[in-house]
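The structure appears below as structure tokens.
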Amino acid sequence: MTVQCWKIKSNSDGSKSIVSSFTNDKCPVQLDIPVLSGKFHAGEKIPIFWNVDRLGGDNIDNEMDMPLPVSKIDETYVRTCESVAKCDPTLGASVQTKPQSGSFNDKGDTVTFSSSNELEFTTSGDFPVSAQAHVYDSTDGSISYYFAAYTTLTVQSNSTAGGTGQQLGVVNCRMSRMDALNETLDASTSVQTSDNCEIAVKLNPLSVVKPNGKLDVSWRATMARGDDKDIHLPTPLTSATVDGQSYQVVSSAVKLCKSDANCNEFTAASDLSVFAKGSPASFNDGSANLVVKDVKVPTKGWDTAFLHFVLAGPSRRYDFTYYFQLVASDSDIAGEVEKATYNKDDGTNYCWEVLADGGEANVTANSVATAGKGDDCPYVLGFSMPDSEIEADASIALEFTVAERSAFSRAKFPSIDLSTVYDGATQEDVNVPIVDIYACPDGSVCTPFSANKTLIYSAPARSLSDGKTTVSGKDIKFPGEGKFTVMVHAVLPNTADRIDMMALGSITVGNADGKESSGGGSNTTLIVVIVVVVVLVLVLGFAWYKRRQRQRMDKLNPVMFGAPPIARSTNHNLPTASRGSMSSEPSGSFGYHRAERSPAEGGHSLERHHDSLSYDPYQRQSFMNMSVDESNLSFAFSDDHRPSIESEAYDV
């Protein structure tokens with residue numbers, strides 16, 4: 015949306031002169047007129063609202079030489095203009111709303127103003143209007159600054175308002191004596207028409223686009239046969255050949271009405287603002303999915319459109335229409351929804367008009383056409399958290415009400431018409447089809463359009479009774495420990511779109527530190543595991559060390575085969591074991607004394623007996639080699655303990 019701004023000097027003669035003028039981001043104050051819901055008719059009051067915002071010091075070069083930051087809006091209003099080119103503040107206004115004033119808070123948040131019953135046009139047509147703001151110079155009383163943004167209001171004449179059968183969100187059917195393949199329907203062939211039809215329509219969520227933007231429009235047509243229906247379809251359905259193939263739905267289209275046009279299924283393509291064709295289709299398991307691609311939305315605002323699809327019959331055709339609205343906006347409404355600040359625990363209600371069926375569970379911010387809060391909202395959620403803290407794995411009970419608001423500002427939601435949708439679970443038409451409770455991580459944006467929400471409770475579909483309904487949720491548990499934002503969400507159908515309501519609370523589950531405490535618990539567990547592992551390593555290391563020490567001692571102190579370890583004896587007698595025996599019991603002993611020098615050392619030669627095992631130590635080479643032992647010890651068996659081995663001979 016283009017924003018214009020002027021620096022104006024008041025002259026001594028009462029006239030005003032423009033000192034300088036700028037556009038868009040060179041203007042320190044920004045204005046925006048969001049799209050208005052619905053079309054307007056001559057002679058009726060038109061509600062309107064507008065936003066006033068300010069740019070920060072880093073976002074503007076201040077070529078206007080205006081004292082910053084701006085803290086107060088001295089005057090703001092909406093006025094009509096002959097044209098956008100003839101709408102500057104020096105020109106008089108033919109229609110102007112009552113001036114209002116306001117101030118920016120410390121954060122510089124957007125300030126919203128509205129007028130619900132001051133604008134009125136006596137004739138039909140397109141009328142340029144401008145939202146304007148006036149700020150006085152705090153240092154020079156002769157200088158003031160004006161800011162303006164523009165939009166166009168389309169006003170329809172009373173004689174054609176709505177057109178024949180243009181009831182939003184309602185399926186109309188018509189039976190005619192005419193070939194289903196003819197593109198233009200002849201009114202003279204009509205046999206019967208009704209809004210009690212054997213086909214139901216569910217329109218898939220629509221996106222808000224930029225002016226002249228395009229989108230795909232898709233829907234599901236479902237059989238709803240019944241004896242109570244006014245027009246009955248053939249059984250089975252009749253098929254017709256289109257482009258060489260057989261189809262039951264022989265044509266489909268999305269059509270946009272022109273302003274001041276009686277727009278219905280009889281309207282020729284040349285008299286429509288947009289005529290976009292889809293493909294033929296057939297029913298499968300009682301339903302048919304249809305889509306029309308690249309539907310253009312030519313103008314900013316809300317445009318009335320309708321689905322038109324045709325079924326074949328024997329010597330008959332059946333035309334079905336469904337009216338809805340498309341929206342084009344210069345604003346990034348989805349981005350504003352995702353970036354907005356939402357208060358918790360203070361009872362603030364938030365509301366959105368969403369281009370989606372009332373029973374659709376998955377909707378994104380791309381389908382949001384209007385956003386409001388508090389008194390803007392046509393309904394109210396009465397809700398408060400029973401507890402601010404609960405133990406881990408504990409559950410809570412929540413009770414809240416959904417009610418019509420007796421008085422609300424219609425500037426943002428001028429066309430509120432509570433309707434119903436069919437609920438398959440209850441098999442009833444209901445006007446509160448969705449009532450849910452979600453949990454979101456603390457610190458994250460939590461709305462019905464957020465991806466990070468977790469469903470923790472869903473109530474059955476219901477209807478308002480005397481304008482309200484009470485919901486009681488029990489045994490509600492959270493998806494873990496930590497701090498959570500609790501979102502209560504309710505959907506109320508509004509003809510072809512819906513109103514989403516939301517209120518927020520907060521709760522701490524388990525340790526007050528939430529996820530941080532969970533991380534601390536994990537760290538403590540890790541430390542304990544490490545300590546245990548270290549202790550086990552030390553124990554095993556000590557055991558290994560002792561074992562290796564014993565092995566080294568065994569090598570340093572060898573024992574005879576089958577004998578126990580040698581122990582010291584004061585009488586120098588050591589136990590021996592019998593040769594060839596595996597017994598560990600001692601069977602003899604031997605003593606030692608200091609030996610004289612061996613004969614070998616004295617040059618004597620001894621004969622070695624090779625045919626027997628000699629126990630004469632001087633006959634053994636190993637004993638002879640012991641002479642180099644520095645201990646100078648020699649050993650000899652006592653006679654009492656010589657081994658007795660019959661199979662061997664020995665000499666001493």
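Residue 15 is where the sequence shown starts when you use the numbering used here, and the numbers rise one by one after that.
Where is the CB? At the ideal position from N, CA and C, for every residue including glycine.
For residue 230, the closest C-alpha among the options 293, 236, 244 is that of 293.
Where residue 350 is concerned, the enclosing alpha helix (DSSP H) starts and stops at 347-353.
When the five nearest sequence neighbours on each side are left out, the beta carbons in the same chain lying within less than 6 Å of the beta carbon of residue 156 are those of 23, 24, in order along the chain. With contact defined as three or more Cβ pairs closer than 8 Å, the stretch 220-229 and the stretch 249-266 are not in contact. Straight through space, the alpha carbons of residue 564 and residue 552 are spaced by roughly 18 Å.
With contacts defined as CB atoms closer than 8 Å, residue 193 and residue 279 fail to qualify as a contacting pair. One Cα belongs to residue 411, the other to residue 397, and the distance between them is close to 12 Å.
Only residues of its own chain outside the window of five on either side were considered, and among them 18 have a CB closer than 6 Å to the CB of residue 37, listed in chain order.
The shortest CA-to-CA distance from residue 316 to any of 399, 369, 456 is the one to 369. Residue 330 sits in a strand when the DSSP states are folded into three classes.
DSSP places residue 497 in the strand class (E or B) of the three-state scheme. Residue 147 places its beta carbon 8 Å or farther from that of residue 33.
Non-local C-beta neighbours of residue 361 in its own chain, meaning closer than 6 Å and more than five positions away in sequence, are absent. Here residue 545 carries a helix assignment [DSSP, helix/strand/coil]. In the structure shown, residue 443 adopts extended strand secondary structure according to DSSP, grouped into three states. The residues 463, in chain order, have a CB closer than 6 Å to that of residue 378 in the same chain once the five nearest residues on each side in sequence are set aside. The beta-bridge partner set that DSSP reports for residue 34 consists of 21. In the DSSP assignment, the residues bridged to residue 336 are 185, 321.
If you look at residue 474, you'll find it isn't in any beta strand (DSSP E); DSSP assigns it neither H nor E. For residue 418, the enclosing beta strand (DSSP E) starts and ends at 410-418. Each residue's CA atom was taken as its position, placing residue 499 and residue 139 some 48 Å apart. The stretch 348-402 is shown to contain whole beta strand (DSSP E) runs of 3 or more residues at 363-368, 382-387, 393-396, in chain order.
Looking at the DSSP output, residue 147 sits in a beta bridge with 90, 161. Taking C-beta atoms under 8 Å as the contact rule, residue 472 and residue 437 fail to qualify, at a distance of about 13 Å.
Of the residues 198, 555, 503, 112, the one whose Cα lies closest to the Cα of residue 285 is 198.
Comparing alpha-carbon positions, the option among 455, 62, 212, 188 lying closest to residue 204 turns out to be 188.
Nearest neighbour of residue 295 by Cα position, chosen from 454, 262, 64, 345, turns out to be 262. In the three-state scheme derived from DSSP, where H, G and I count as helix and E and B as strand, residue 458 is classed as coil. The alpha-carbon separation between residue 341 and residue 428 amounts to approximately 15 Å. The Cβ-Cβ distance between residue 336 and residue 516 does not fall below 8 Å.
In this structure, DSSP gives residue 262 a state outside helix and strand, which the three-state scheme calls coil. Closest by C-alpha distance to residue 91, out of 77, 117, 64, 353, is 64. Here residue 339 is buried. Its C-beta has 16 or more other C-beta atoms within 10 Å. In the assembly as shown, residue 126 is a buried residue. Its beta-carbon has 16 or more other beta-carbons within 10 Å.
Judged by DSSP in its simplified three-state form, residue 554 adopts helix.
A direct Cα-to-Cα measurement between residue 357 and residue 518 gives close to 7 Å.
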